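In what follows, a structure is listed as structure tokens, so that the remarks can point back to it.
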Amino acid sequence: MRRSEGYPPLPARGTPGALLLSVFAFLVQWRFGFGWADEGLLWYGSQRAALGEIPLLDFFSYDPGRYYWNAMIFRLAGDAGLFTLLLSCSLFGALGLAAAWFALCRARIPVLWRVGCVVVLLVGFGFPRHKIFEQSLSLILVCVVFETLLKPGSAKRWMLFGLATGVAAMVGRNHGVFFVVAAILTGAYLVRIGRKNLFFMGFRSFSAGVIVGYLPVILLFLGNVEFRKVFIDSVLLTSQWQLPLPIPFPWRVDWYQALTLEQLQAIAVGLLCLLVPALYLTGGLLLPVTGLAIARQMPQRLLLGAASIAGLPYLHQAFDRADFGHIAQSVLPAVPVVFILLYLSSRQPGWRRLTPVLSVAATLVVLLAWLPSEPIVQMLRAQKANPQSVQPVSMGSKKFLLYRSQADVLETVRAIAAKCSLKDGEFMAAPSFPGVYAFLGLKAPFWEMYYLYQRSPEFQRKHIAAIGDTQLILLAPENTVDLLERLKLANTYGLLLTYIREHYQELSIPTLPAGTVLYAKPGSCAAMLNVQR
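Counted the way the working numbering counts, the sequence shown spans residues 15 to 547.
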């Protein structure tokens with residue numbers, strides 16, 4: 015690419031630094047905590063994919079891309095433990111950081127501002143750590159939109175945009191939708207500045223890229239009847255995946271509570287819910303409208319607009335179920351928007367003195383929003399408040415610091431599984447313990463192992479038939495989501511729960527936390543009964 019064309023130069027470095035920063039953040043945090051629900055589902059699905067099983071078809075899962083990424087890392091590392099899973103997630107995060115760094119370099123943002131932006135993004139990657147795929151893809155989208163805006167007349171750029179869209183859809187079909195929306199917004203901007211002539215070329219190239227990027231799933235869909243059925247069923251169930259929660263705007267914060275860290279976090283999250291849409295609106299309004307030749311001379315504003323275009327569709331994911339976990343995985347494109355605005359303000363005489371104050375304020379909001387939820391902060395706070403509330407647990411060759419209640423469950427189940435030499439299908443856990451299967455290295459007895467939805471009697475009977483060889487069952491019957499009675503096991507899997515209670519013996523184990531019960535199959539391994547004594 016010739017400098018005389020007015021395009022920003024390609025950065026020579028970036029990916030190695032992003033990789034090093036990701037590895038550093040991983041080394042700081044990896045050993046703290048374990049989420050045996052969502053994080054456990056990712057771990058279990060990745061283990062099964064590494065063994066040759068097909069996500070969605072052979073076990074309940076989200077779209078297959080993330081599982082195959084982790085499976086690839088598992089095979090390269092020769093290990094499928096939690097440590098390797100978290101390392102794999104960090105490596106995917108490095109792709110997002112590299113994309114952000116690349117775009118910031120191309121926009122001629124000075125190095126100190128770039129470093130500040132990437133460090134704040136690393137804080138964001140710390141929670142939720144199993145959703146780093148969502149966070150990283152949103153940053154990759156920023157870079158893809160920016161590169162397309164730099165040279166919208168290039169069929170290769172539009173095809174790359176489509177290719178990224180197809181690959182993103184393999185990780186999560188919602189990401190595919192968000193990338194398509196961003197492409198539409200990009201096209202609308204080009205129409206606004208008088209480039210209607212690019213529509214058909216861009217549409218053809220983008221569509222071709224989508225097909226190529228999504229081709230593995232397309233071929234599986236066309237060639238495997240059973241996969242096609244479960245894929246369509248999963249699409250039809252999409253409306254049940256999310257339980258809406260009100261957006262935690264600042265006026266919904268209880269201002270009469272003591273000013274604890276949790277209260278400060280609630281205020282910071284409320285501010286995020288106001289500021290992030292406003293930032294995207296600002297970035298969109300600052301997009302140059304005088305033509306691309308001039309726009310390329312203002313690459314900072316072009317990247318500002320690209321980040322806003324990329325971030326807007328992700329607001330649906332942030333606010334559809336507006337707990338902080340979903341907000342945190344969806345708003346990271348706002349970080350480059352903030353740093354570009356701060357950089358631009360530092361060059362304006364009237365704003366120059368205010369820029370340091372705004373920089374500190376923006377960083378403080380991010381830190382207060384994210385740090386209380388970071389595993390390292392949560393575990394160390396719990397340890398300081400009560401050293402007996404946490405306990406190290408060996409997982410593979412590594413030790414993780416977990417809550418005592420989790421540790422008691424895992425150690426008890428592991429001891430029984432070892433004494434009874436449990437094999438695949440002989441252990442079951444419900445409703446939200448898929449990570450326990452991964453911890454034990456065992457295959458679940460049935461396709462479903464994350465009991466989130468109400469299932470039909472016919473579906474439950476299939477499950478009952480599948481547990482004919484199951485000897486040990488871990489249940490938390492009162493566990494639910496959002497305190498909803500209708501999502502307890504008695505209401506989602508009533509037939510299955512009744513069958514277990516009628517055909518299995520409840521074990522009395524005082525070390526198990528309240529609400530957690532183990533059931534043993536009568537006549538099975540004697541160690542299951544001895545563990546009560």
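C-beta atoms are modelled at their ideal positions from N, C-alpha and C, and glycine is treated no differently.
In this text the structure is predicted, and so the values were computed from the model without any measurement.
Assignment of beta-bridge partners to Phe441 by DSSP yields Leu486. Using a C-beta cut-off of 8 Å, the region 96–113 makes contact with the region 142–150, since at least three inter-stretch Cβ pairs fall below that distance. In the three-state DSSP reduction, Tyr451 falls in the helix class (H, G or I). Non-local beta-carbon contacts of Tyr357 in its own chain, meaning distances under 8 Å to residues more than five positions away in sequence, involve Ile123, Pro124, Trp127, Gln314 in chain order. The way I'd put it, the region 343–356 doesn't touch the region 207–220; fewer than three beta-carbon pairs between them come closer than 8 Å.
Measuring C-alpha to C-alpha distances from Leu318 to each of Met184, Leu257, Thr296 identifies Thr296 as the nearest. Inclusion of Val134 and Val380 in the CB contact set at 8 Å is warranted, their separation being smaller than that value. Counting along the chain, Phe414 sits inside the beta strand (DSSP E) bounded by residues 412–417. Per DSSP, reduced to three states, the secondary structure at Ala534 is strand. In the DSSP assignment, the residues bridged to Arg335 are Leu259. Listed as beta-bridge partners of Gln519 by DSSP are Ala534. Within the region 369–421, complete alpha helix (DSSP H) segments of at least 4 residues are found at 369–384, 389–399, given in chain order. Excluding five sequence positions before and after Trp384, the CB atoms of its chain that fall closer than 8 Å to its own CB belong to Val137, Gly138, Gly140, Phe141, Ala342, given in chain order. Where Asp247 is concerned, the enclosing alpha helix (DSSP H) starts and stops at 239–250.
The shortest CA-to-CA distance from Ile198 to any of Leu259, Thr484, Lys413, Pro327 is the one to Pro327. If you keep only unbroken alpha helix (DSSP H) runs of at least 4 residues inside the region 335–359, you get 338–342. Judged by pairs of C-beta atoms under 8 Å, the region 360–375 does not touch the region 157–177, as fewer than three such pairs exist. Asp483 counts as exposed, since fewer than 16 other C-beta atoms from the protein chains shown sit within 10 angstroms of its C-beta. The continuous alpha helix (DSSP H) containing Ser219 extends over residues 213–227. Linking Leu300 to Ala320 through their CA atoms gives a straight-line distance of about 11 Å. Remark: three or more beta-carbon pairs, one from each stretch, lie closer than 8 Å, so the region 445–461 and the region 65–76 are flagged as touching. Put simply, of Arg209, Pro347, Phe414 the residue whose alpha carbon is nearest the alpha carbon of Gly49 is Phe414.
Between the region 393–403 and the region 285–295 there are fewer than three inter-stretch CB-CB distances shorter than 8 Å, so the stretches are not counted as touching.
In the three-state reduction of the DSSP assignment, Phe74 falls in the coil class. Between Leu155 and Ala196 the beta-carbon gap is near 6 Å, inside 8 Å, which marks them as a contact. About 16 Å separates the Cβ atoms of Thr494 and Leu488, ruling out a contact at the 8 Å cut-off. Residue state for Pro302 is assigned as coil, using DSSP reduced to three classes. The closest CA to that of Trp57, considering only Leu275, Ala282, Tyr82, Val37, is found on Tyr82. Straight-line spacing of the CA atoms in Cys157 and Ala421 works out to 42 Å.
Put simply, the region 460–472 touches the region 433–446. At least three CB pairs are less than 8 Å apart. By the neighbour-count criterion, in which a residue is buried when 16 or more other Cβ atoms sit within 10 angstroms of its Cβ, Ile323 is buried. Here the alpha carbons of Gln61 and Leu454 stand approximately 11 Å from one another.
If the five residues before and after Ile478 are omitted, its C-beta is found closer than 8 Å to the C-beta atoms of Leu509, Leu510, Tyr513, all from its own chain and listed in chain order. Here His330 is exposed, its C-beta having fewer than 16 other C-beta atoms within 10 Å.
Counting every other CB atom within 10 Å of its CB across the protein chains shown gives Ile246 a total below 16, marking it as exposed.
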